[in-house]
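Everything below concerns the one structure shown next.
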Amino acid sequence: MVVIRTVQVGTDVQSIKAIQLTPESFAKFGAVFSADEQMSNVSQTSANQGTATKLLKVAPVTNNSDAAPSGKRATANWNIFRCSPPNHLIRQEVGHTTYLAKVLERHPYTTQTFVPMGRDAHEIGFLVICAPDDPVDHLPDFTKAEAFLCRGDQSVTYGVATWHAPMIVIGPHDHLDFAVLVHESGVPEEDCQEVTYEPGFKVLLS
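For the sequence shown, the numbering used here assigns the number 1 to the initial residue and increments by one for each residue that follows.
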């Protein structure tokens, strides 16, 4: 991981309101695994002697490390992230709950998939924040960031070089485990780049 810029956030920056994650709402940033929503509109076939329905090509798995300056080929790795709620960044304010976002990161040459493990299917378990790439400086345009509330039965795949916050667990539990699929070469600036924000920008959770 390499921090490539620190951005000062003015007091006039508007808060971002988090919405429910759906495949459609997240499409500009990557892909979503959400079987209840996708059973009716994703190509599928019968599997396992008729006891399963296979939804086809729900999300891409991409490794563009051949284009990286080092020329070092990244390998596909499954990692486990045990994430705790960032309670120091969550505030109860008048009429709503806010999260103070202080970091956006990207993986310049790979997709990254987060699969939550051990959370109720209908419970909101984590928050996802993404921002578009600024076409001029290729840093995240945090003023156009979007935030998504995610259930325990939903997973996300960030597109290649998509700016996103580190995983943010919310709710009453002390942690949430994720299985994470990503390509890594071991070259820090090619595996993960970060932009930090001071003091941060607010996301409305409720």
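Don't be surprised by glycine CBs; every beta carbon is placed ideally from N, CA and C.
Since the model is a prediction, treat every value here as computed from it, not as a measurement.
Residues bridged to S155 by DSSP?
Partner(s): F33.
Pick out whichever of R73, P140, L89 has its Cα sitting closest to the Cα of L104.
When each option's Cα is compared against that of L104, the closest is P140.
By a C-beta neighbour count over all protein chains shown, 10 Å radius and 16 as the cutoff for buried, is P85 buried or exposed?
With 16 or more other Cβ atoms within 10 Å, it is buried.
P60: which of L181, S15, A67, P172 sits nearest, CA to CA?
Residue L181 is the option with its Cα nearest to P60.
Return the chain-ordered list of same chain residues with a C-beta closer than 7 angstroms to the C-beta of V58, the five sequence neighbours on each side being excluded.
Result list for V58: A31, F33, Q38, V42, in chain order.
Spatial neighbours of A74 within its chain, please: C-beta separation below 7 angstroms, excluding the five flanking residues on both sides.
Closer than 7 angstroms at the Cβ level, and outside the excluded window around A74, lie N63, S65, Y109, T110, H183, E184, S185.
Beta-carbon within less than 6 angstroms of Q112's beta-carbon, same chain only, minus the 5 sequence neighbours each way: which residues are those?
Once the five neighbours on either side are set aside, the close Cβ partners of Q112 are Y158, V182.
Is DSSP giving S46 helix, strand or coil here?
Looking at S46 - three-state DSSP - the assignment turns out to be strand.
Taking 8 angstroms as the threshold, find out whether the region 112 to 131 comes into contact with the region 45 to 52 through three or more Cβ pairs.
With a cut-off of 8 angstroms, the region 45 to 52 and the region 112 to 131 do not count as touching, because too few Cβ pairs lie within range.
Does DSSP classify N79 as helix, strand or coil?
DSSP places N79 in strand when its eight states are reduced to three.
Answer with buried or exposed for A121, where buried requires no fewer than 16 other C-beta atoms within 10 angstroms of its C-beta.
Exposed is the call here.
Can you round the beta-carbon distance between T98 and L204 to whole angstroms, since I take them to be within the 8 angstroms contact cut?
6 angstroms between Cβ atoms; contact.
Between the Cα of V169 and those of I4, M117, Q14, spot the shortest distance and give me the residue it belongs to.
When only C-alpha atoms are compared, the closest one is M117.
Spatial neighbours of F77 within its chain, please: C-beta separation below 8 angstroms, excluding the five flanking residues on both sides.
Note on residue identity: the sequence assigns Asn, not Phe, to residue 77. Excluding sequence neighbours, N77 sits near L181, V182, H183, E184.
According to the Cβ coordinates, are F191 and H107 closer than 8 angstroms?
Checking the displayed sequence, the identity of residue 191 turns out to be Asp instead of Phe. For D191 and H107, yes; Cβs fall inside 8 angstroms.
In the DSSP output, what is F126 paired with across the bridge?
DSSP lists C150, V169 as partners of F126.
Taking the beta strand (DSSP E) that D177 falls in, what are its first and last residues?
Unbroken beta strand (DSSP E) run through D177: 176 to 184.
Is it buried or exposed for K202, if we count other Cβ within 10 angstroms and need 16 for buried?
By the neighbour-count rule (16 or more Cβ atoms within 10 Å), K202 is buried.
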